[in-house]
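Numbering (this note's numbering), first residue to last: 20 to 136. First up is the structure itself, then whatever we jot down about it.
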């Protein structure tokens, strides 16, 4: 699991994760917690890696930080994911509720991290 501080390094991390199965990009570090950066980074990861990353993590030191960060990131991640489903629908791909439930389980269930590739 790897998270990086610099936005400029995110594409390189995505490419490394495609090539090496032992690399999993992991959330957005605290100083990349701006909505525009979360959206950009999450979108790049979906486009490059599919579901093979962890969309958000917590570097929280107290529970209040964890709740804030999740409430802050969740709608952005949902919007990016919805946009990717719209892209699929535009190409004629059928997306079922089961597909969406499976994808959400892969993205947000800690038990599936090792099964992402």
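Glycine residues also receive a C-beta, built at the ideal position from the N, C-alpha and C atoms.
Under the three-pair Cβ rule at 8 angstroms, the segment 45-54 counts as touching the segment 83-99. For the 8 angstroms CB-CB criterion, residue 20 and residue 29 do not form a contact. Exposed is the label assigned to residue 81, since fewer than 16 other Cβ atoms lie within 10 Å of its Cβ. Residue burial is scored here from C-beta neighbours: residue 34 has fewer than 16 other C-beta atoms within 10 angstroms and is therefore classed as exposed. Taking all protein chains in view, the Cβ of residue 68 is crowded by 16 or more other Cβ atoms within 10 Å, so the residue is classified as buried. Closest in alpha carbon position to residue 102, among 65, 39 and 44, is 65. Secondary structure remark: continuous alpha helix (DSSP H) runs of at least 4 residues inside the segment 75-121, in chain order: 82-109.
Setting aside the 5 residues that flank it on each side, residue 114 is surrounded in the same chain by 104, 107 and 108, each with a C-beta closer than 8 angstroms to its C-beta; the list follows chain order. The criterion of a C-beta distance shorter than 8 angstroms is satisfied by residue 74 and residue 126. Within the segment 23-85, complete alpha helix (DSSP H) segments of at least 4 residues are found at 29-38 and 54-68, given in chain order.
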